Amino acid sequence: MTTSLRAVLAVFLLLVCALFASAILDTWHRGFSWHDQQRLYQLTLLCAFTSAAAFLPALALPRSAFILLHTVFGFGLLSTFFAEFPVWAFKEWARYAGLFILAMVIAYSAKQAWFLKALLYVLAAAAFLNAFQFLIYYLMA
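Numbered continuously in our numbering, the sequence shown closes out at residue 199.
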(Lines of atoms letter the chains of each structure in order from A and count residues from 1; the text may use other names and numbers.)
(Lines give C-alpha, C1' and ligand atoms only; values in the text may rest on other atoms or scores of the structure.)
Protein backbone atom coordinates (compact mmCIF):
# COMPACT_ATOMS: atom_id res chain seq x y z
CA MET A 1 0.00 0.00 0.00
CA THR A 2 1.36 3.41 -0.91
CA THR A 3 2.14 5.95 1.76
CA SER A 4 -0.41 8.49 0.50
CA LEU A 5 -3.23 5.93 0.43
CA ARG A 6 -2.23 4.81 3.90
CA ALA A 7 -2.34 8.41 5.17
CA VAL A 8 -5.75 9.05 3.58
CA LEU A 9 -7.10 5.87 5.15
CA ALA A 10 -5.70 6.83 8.55
CA VAL A 11 -7.24 10.32 8.36
CA PHE A 12 -10.58 8.78 7.37
CA LEU A 13 -10.43 6.43 10.35
CA LEU A 14 -9.60 9.31 12.68
CA LEU A 15 -12.60 11.26 11.41
CA VAL A 16 -14.82 8.25 12.01
CA CYS A 17 -13.40 7.95 15.54
CA ALA A 18 -14.14 11.64 16.12
CA LEU A 19 -17.71 11.10 14.90
CA PHE A 20 -18.04 8.14 17.25
CA ALA A 21 -16.65 10.15 20.16
CA SER A 22 -19.22 12.86 19.46
CA ALA A 23 -21.98 10.36 20.27
CA ILE A 24 -21.74 11.40 23.89
CA LEU A 25 -23.47 14.66 22.99
CA ASP A 26 -27.13 13.88 23.47
CA THR A 27 -28.39 16.80 21.42
CA TRP A 28 -28.06 15.76 17.77
CA HIS A 29 -30.71 13.08 17.39
CA ARG A 30 -33.80 14.03 19.36
CA GLY A 31 -35.80 11.05 18.05
CA PHE A 32 -33.47 8.46 19.60
CA SER A 33 -32.84 7.59 23.21
CA TRP A 34 -29.27 7.80 24.48
CA HIS A 35 -28.77 4.04 24.12
CA ASP A 36 -30.18 3.97 20.57
CA GLN A 37 -27.93 6.87 19.63
CA GLN A 38 -24.89 5.02 21.00
CA ARG A 39 -25.81 1.89 19.02
CA LEU A 40 -26.30 3.94 15.84
CA TYR A 41 -22.84 5.46 16.17
CA GLN A 42 -21.33 2.11 17.09
CA LEU A 43 -22.74 0.52 13.94
CA THR A 44 -21.45 3.45 11.87
CA LEU A 45 -17.99 3.02 13.38
CA LEU A 46 -17.93 -0.74 12.82
CA CYS A 47 -19.16 -0.44 9.21
CA ALA A 48 -16.55 2.20 8.42
CA PHE A 49 -13.69 0.23 9.94
CA THR A 50 -14.82 -3.01 8.32
CA SER A 51 -14.89 -1.24 4.96
CA ALA A 52 -11.44 0.20 5.61
CA ALA A 53 -10.12 -3.25 6.47
CA ALA A 54 -10.65 -4.27 2.85
CA PHE A 55 -7.91 -1.82 1.81
CA LEU A 56 -5.37 -3.02 4.36
CA PRO A 57 -2.98 -5.89 3.78
CA ALA A 58 -3.95 -9.21 5.28
CA LEU A 59 -3.08 -9.72 8.91
CA ALA A 60 -0.24 -12.16 9.43
CA LEU A 61 -1.33 -14.18 12.44
CA PRO A 62 0.47 -17.29 13.63
CA ARG A 63 -1.25 -20.46 12.46
CA SER A 64 -2.34 -21.46 15.98
CA ALA A 65 -3.91 -18.03 16.61
CA PHE A 66 -5.65 -18.17 13.23
CA ILE A 67 -7.12 -21.59 14.00
CA LEU A 68 -8.19 -20.50 17.49
CA LEU A 69 -9.81 -17.36 16.11
CA HIS A 70 -11.77 -19.28 13.49
CA THR A 71 -12.80 -21.87 16.08
CA VAL A 72 -14.12 -19.26 18.52
CA PHE A 73 -16.01 -17.33 15.84
CA GLY A 74 -17.25 -20.62 14.32
CA PHE A 75 -18.65 -21.83 17.65
CA GLY A 76 -20.19 -18.40 18.16
CA LEU A 77 -21.88 -18.57 14.77
CA LEU A 78 -23.05 -22.10 15.46
CA SER A 79 -24.52 -21.06 18.80
CA THR A 80 -26.57 -18.33 17.11
CA PHE A 81 -28.57 -21.03 15.31
CA PHE A 82 -29.48 -22.71 18.62
CA ALA A 83 -30.29 -19.50 20.49
CA GLU A 84 -33.80 -18.67 21.62
CA PHE A 85 -33.71 -15.53 19.46
CA PRO A 86 -31.38 -16.37 16.55
CA VAL A 87 -31.68 -13.00 14.81
CA TRP A 88 -30.69 -11.15 17.97
CA ALA A 89 -27.87 -13.61 18.64
CA PHE A 90 -26.55 -13.18 15.09
CA LYS A 91 -26.56 -9.39 15.50
CA GLU A 92 -24.53 -9.72 18.68
CA TRP A 93 -22.14 -12.18 17.02
CA ALA A 94 -21.67 -9.77 14.10
CA ARG A 95 -21.00 -6.93 16.54
CA TYR A 96 -18.24 -8.93 18.21
CA ALA A 97 -16.75 -9.81 14.83
CA GLY A 98 -16.85 -6.10 13.92
CA LEU A 99 -15.20 -5.16 17.20
CA PHE A 100 -12.42 -7.64 16.48
CA ILE A 101 -11.89 -6.10 13.05
CA LEU A 102 -11.91 -2.66 14.69
CA ALA A 103 -9.17 -3.74 17.08
CA MET A 104 -7.07 -5.16 14.23
CA VAL A 105 -7.42 -2.03 12.07
CA ILE A 106 -6.51 0.26 14.97
CA ALA A 107 -3.55 -1.95 15.82
CA TYR A 108 -2.38 -1.75 12.21
CA SER A 109 -2.93 2.01 11.99
CA ALA A 110 -1.30 2.68 15.36
CA LYS A 111 2.07 1.80 13.85
CA GLN A 112 2.07 5.42 12.73
CA ALA A 113 2.90 7.62 15.71
CA TRP A 114 0.79 10.56 14.55
CA PHE A 115 -2.31 8.34 14.29
CA LEU A 116 -1.89 7.08 17.82
CA LYS A 117 -1.34 10.61 19.13
CA ALA A 118 -4.39 11.95 17.27
CA LEU A 119 -6.52 9.06 18.53
CA LEU A 120 -5.49 9.85 22.11
CA TYR A 121 -6.45 13.52 21.55
CA VAL A 122 -9.86 12.46 20.23
CA LEU A 123 -10.39 10.26 23.30
CA ALA A 124 -9.25 13.03 25.65
CA ALA A 125 -11.62 15.53 23.99
CA ALA A 126 -14.49 13.04 24.30
CA ALA A 127 -13.72 12.50 27.98
CA PHE A 128 -13.60 16.26 28.58
CA LEU A 129 -16.93 16.79 26.80
CA ASN A 130 -18.51 13.96 28.74
CA ALA A 131 -17.31 15.37 32.06
CA PHE A 132 -18.45 18.87 31.08
CA GLN A 133 -21.86 17.60 30.04
CA PHE A 134 -22.20 15.67 33.30
CA LEU A 135 -21.27 18.80 35.28
CA ILE A 136 -23.86 20.88 33.40
CA TYR A 137 -26.59 18.26 34.00
CA TYR A 138 -25.58 18.05 37.65
CA LEU A 139 -25.82 21.82 38.06
CA MET A 140 -29.17 21.90 36.24
CA ALA A 141 -30.57 19.33 38.69
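Where a beta carbon is used, it is the ideal one built from N, C-alpha and C, also for glycine. Predicted model, so just to flag it, every value in this text is computed and none were measured.
Counted within 10 angstroms of its Cβ, other Cβ atoms place Phe140 as buried (16 or more) or exposed: Counted from its first residue, the sequence shown places residue 140 at position 82. When all chains shown are included, Phe140 counts as exposed.
Residue range of the alpha helix (DSSP H) that Lys169 falls in? Numbered from 1 along the sequence shown, position 111 holds the residue referred to as residue 169. No alpha helix (DSSP H) contains Lys169, which DSSP labels as neither H nor E.
Short of 8 Å in beta carbon distance, which residues of its chain neighbour Ala112, apart from the five on each side in sequence? Order them along the chain. The residue given as residue 112 occupies position 54 in the sequence shown. Excluding its 5 nearest sequence neighbours in each direction, Ala112 has no C-beta neighbour in its own chain below 8 Å.
Under the three-state DSSP convention, the category Gly134 falls into: For the purposes of this step, residue 134 is identified with residue 76 of the sequence shown, where counting begins at 1. In this structure, Gly134 counts as helix in the three-state DSSP scheme.
Going straight from the alpha carbon of Leu135 to that of Phe192, what length do you get? In the sequence shown, residue 135 corresponds to position 77, counting from 1. In the sequence shown, residue 192 corresponds to position 134, counting from 1. Distance between the alpha carbons of Leu135 and Phe192: 39 Å.
Can you grab the Cα-Cα spacing for the pair Ala161 / Leu197, in whole Å? Within the sequence shown, residue 161 is the residue found at index 103, counting from 1. Within the sequence shown, residue 197 is the residue found at index 139, counting from 1. Those two C-alpha atoms are separated by around 37 Å.
Under 8 Å, do Leu71 and Ala110 count as touching if we go by C-beta distance? The residue given as residue 71 occupies position 13 in the sequence shown. The residue given as residue 110 occupies position 52 in the sequence shown. Contact check for Leu71 against Ala110 passes: the beta carbons are separated by less than 8 Å.
Buried or exposed: Ser167, going by 16 or more other Cβ atoms within 10 Å of its Cβ? On the sequence shown, residue 167 is found 109 positions in, with the first residue counted as 1. Taking every protein chain shown into account, the CB of Ser167 has 16 or more other CB atoms within 10 angstroms, so this residue is buried.
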